[in-house]
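Below: the structure, in structure tokens.
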Amino acid sequence: MGAQVHFSGHRTIRTFLIDEKGSATVEFVLLFPLFSMVLLLLADASLLFLRHTNLMNISRDTARIVSRYAMTPAEAKAYAEAAARTGQSTATAEVTVLNGFVTVTISSDASSSAPFGMVSFAVGDQIVAQAVSTMEPV
């Protein structure tokens, strides 16, 4: 009726150290935050590169349009800002014609392009794209 329980601390610790049940769970819990941060960093960097490529394409197209006398600099500024606008952010454009060269500079807020904020330390506040084109002869 009264069974005795014998506790051997030395044997229990040895059994605990040898038993590997649950080690994969512990490793997963330790490494999951690191893998998550790397994944979010890659997603942010990819979205920033995509946004910068879009801004470069818009600035290059705008500079080409102005260099062919199809738009005035004021019209080109409005065109570039409208083309660079997304659902989350707006962009500001600057179009200058000087000494036979058209320079289009478009800047946008970087934080709206990188939703996770993992690369804000390296990028800064703005994404800037600039294109220069030679004015076509008349």
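Residues in the sequence shown are numbered consecutively from 24, following the working numbering. Where a beta carbon is used, it is the ideal one built from N, C-alpha and C, also for glycine.
From the DSSP output, which residues share a beta bridge with residue i?
i, result
"Thr-126", "Thr-119 and Val-155"
"Asp-132", "Gln-149"
"Ala-114", "Ser-131"
First and last residue of the alpha helix (DSSP H) that includes residue i?
i, result
"Ser-46", "46 to 90"
"Glu-104", "96 to 107"
Which residues in the same chain have their Cβ closer than 8 Å to the Cβ of residue i, if we skip the five residues on either side of it in sequence?
i, result
"Ser-90", "Val-125, Ser-156, Thr-157, Met-158 and Glu-159"
"Met-79", "Ala-152 and Ala-154"
"Leu-71", "Ala-133, Ser-136, Ala-137, Val-142, Val-146 and Ile-150"
DSSP state of residue i, grouped into three classes?
i, result
"Phe-185", "For residue 185 there is no data in the structure shown, the boundaries of the chain being 24 and 161."
Got a sec? Which residues, its chain only, sit under 6 Å from residue i by beta carbon, not counting five neighbours each side?
i, result
"Ser-135", "Gln-111 and Ser-112"
"Glu-117", "Thr-128"
"Ala-86", "Val-125, Val-127, Ala-154 and Ser-156"
"Leu-64", "Met-141"
By Cβ distance, which residues of its chain are closer than 7 Å to residue i, with the 5 residues on each side in sequence left out?
i, result
"Arg-74", "Ser-131, Ser-136 and Ile-150"
"Arg-83", "Ala-154"
For a cutoff of 7 Å on Cβ pairs, would you count residue i as touching chain C?
i, result
"Ser-130", "Structure shown: chain C not included; a single protein chain is present."
Taking contact to mean 3 or more Cβ pairs, one atom from each stretch, closer than 8 Å, check whether the segment 47 to 64 and the segment 110 to 126 are in contact. no
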